[in-house]
Every structure is written in C-alpha cells, then in structure tokens.
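Numbering (our numbering), first residue to last: 97 to 359. In this text, a Cβ means the ideal position worked out from N, Cα and C, and glycines have one as well. Below: one structure, written as structure tokens.
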Ligand code: MN
C-alpha cells in the first residue's frame, strides 16, 4: 500500500491511497449513511458539486470520527463508498481505497468546532468571484440565504502556504487554518481561487446552506450589475434564517426525489 506524500513538501496527486490508522470502525446509524449518500447526490443535482467537492457528517456514535466518501464523484456515491475517518484525517476503514486529499478540511473543522455536524466543500462557480474581489464581500441579499449575514470570510491560502501552493488543503495545518477562519456565527468561508466550505449542525442544514450560498452569489452578482444593492439588515438575516430552519425538510424531500429521478 502506498501512502501519498502530504505535508512533506511533495505535491501528491489530489487523492490517493492512505493506510488505515489501525483503530476499529464503529457502525454508524443507517439513516445517517442514507442522508450522507443523498447529500452527495443532491449537491450534484443542485449544481453545487461536479466531479469534485465532497460532503461529510460527524459520526453519530463517535464524535471523534466522521464519515466521508472514498475518492470519487459525489453523484456516484453509494453506502458502500462511505469511509470512517478520525479527526487527524486518517481513514479507519478505507481498506486500500483512495481517499480525498482535501479530507483535512473536514477533520480540522470537526476538531475545532464541536458544534459542527456536517461539512460541505465545493467549487460552485458563482461563489468564486466573491473570493477574488476584496471590496465586495458575499453577504445575504435574499431571505433564503439570510444565514450568510453581513459578510463571509475569505481564506487566503497564501497566508499559510506561501505564493506557490497548489491551492489545496492538503494537510492538517492548512485544515486548521481554514477552520480558524470561521467566526462563531459564520456558516461559510470562501477560499480564494478555489471554492468554499459550508458548515451546519447536521447534514441537511449544511446541504441547504450550500445550495443557497450558490444562489445568493448569483443573485448578488446580478444585482451588482444593476446598481447599488439594498442588503438585508442583520436582524432580517437572523430572523429569516430562523424562519427557514423549520422548512429544510421540505427542500430536502424535493431534492432527494429530483436526485432519484422521481420528478
Ligand atoms: Mn477543493
């Protein structure tokens, strides 16, 4: 079994075979695995991920573990592709299957933020310009994305990896730096020239937010072309986020049916 060269200055290909850590796996709740598989499919059908990007959930029985697919396109993920990882990003039961190089995004956030139950990392296109233009923060322009509030932090990888990185979160140190860029109330962080990472207390919330982060970015860019924007107030943002929290199941059920080709 070969191990990818991460953190030693060698740029391994993005995703490879990593030896399992040797600890025993713990079987997660089947419903949690089903939600994670559905999350993978929804994010593809809602155009948040393409061949790239990934979604994880904290293990329901081991808060020091999380579940993430093996290295593959999200739309193709089945329950058999879900791998358990520890909070160092070391697989528990990959059993020789290649894993995502950027799994450290997930491991570092779960380690730093006990309140986070799910993480979506993606390269959805409308969001990326807001990571490039410092003078225009991504912020809530629509009630469905009120959770964005007044500004979204931007992670600048050059501050941590210098001017010649490959832009990827390829070790635990970069993951920890990304995790630190989330303020207490932030649910998304933009990654300059790369994409974004969205968090939630559970996988349905994280997926809902990831879909509407992309929608908000499209709307904000459209509005900016027309003229000065009337942004939502902090109170409008908070109140609409609270109101929508109770409606996530409605979106989730629709998105699952769409992803399964039932509608
Ligand atoms: Mn990425």
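Same chain, Cβ closer than 6 Å to residue 160, neighbours up to 5 away in sequence not counted: 183
The stretch 197-209 / the stretch 132-142 touching (three or more Cβ pairs under 8 Å): No, the stretch 197-209 does not touch the stretch 132-142.
Do residue 243 and residue 308 count as a contact pair if the criterion is CB distance below 9 Å? yes
What does a CB cutoff of less than 6 Å around residue 216 pick up in its chain, not counting 5 residues either side in sequence? 151, 294, 302, 306
Count the other CB atoms, across all protein chains shown, that sit within 10 Å of the CB of residue 359; report buried if there are 16 or more and exposed otherwise. exposed
Any heavy atom of the ligand MN inside 8 Å of the beta-carbon of residue 198? Proximity of the beta carbon of residue 198 to the ligand MN is indicated: a heavy atom of the ligand is located closer than 8 Å.
Can we count residue 253 as close to the ligand MN, meaning its CB is less than 8 Å from some heavy atom? no
Please find out if some non-hydrogen atom of the ligand MN comes closer than 8 Å to the beta-carbon of residue 376. The structure shown has nothing for residue 376, since the chain only spans 97 to 359.
Nearest-angstrom Cα separation, counted from residue 203 out to residue 261: 20 Å
Among the residues of its own chain, which have a CB less than 7 Å from the CB of residue 157, if the five just before and after it don't count? 122, 124
Nearest by alpha-carbon distance to residue 169: which of 138, 211, 192, 299 is it? 138
Compute the beta-carbon to beta-carbon distance between residue 185 and residue 268, rounded to the nearest angstrom, for a pair I have assumed lies under 8 Å. The beta-carbon distance between residue 185 and residue 268, rounded to whole angstroms, is 6 Å. This is short enough to meet the 8 Å contact definition.
According to DSSP, residue 180 sits in a beta bridge with which residue or residues? 163
Quick one: what does DSSP say residue 241 is sitting in, helix, strand or coil? Looking at residue 241 - three-state DSSP - the assignment turns out to be helix.
Name the one or two DSSP bridge partners that residue 191 has. According to DSSP, residue 191 bridges with nothing at all.
Minimum length 3: unbroken beta strand (DSSP E) runs contained in the stretch 196-275: 214-218
How about residue 217: is its Cβ closer than 8 Å to a heavy atom in the ligand MN? yes
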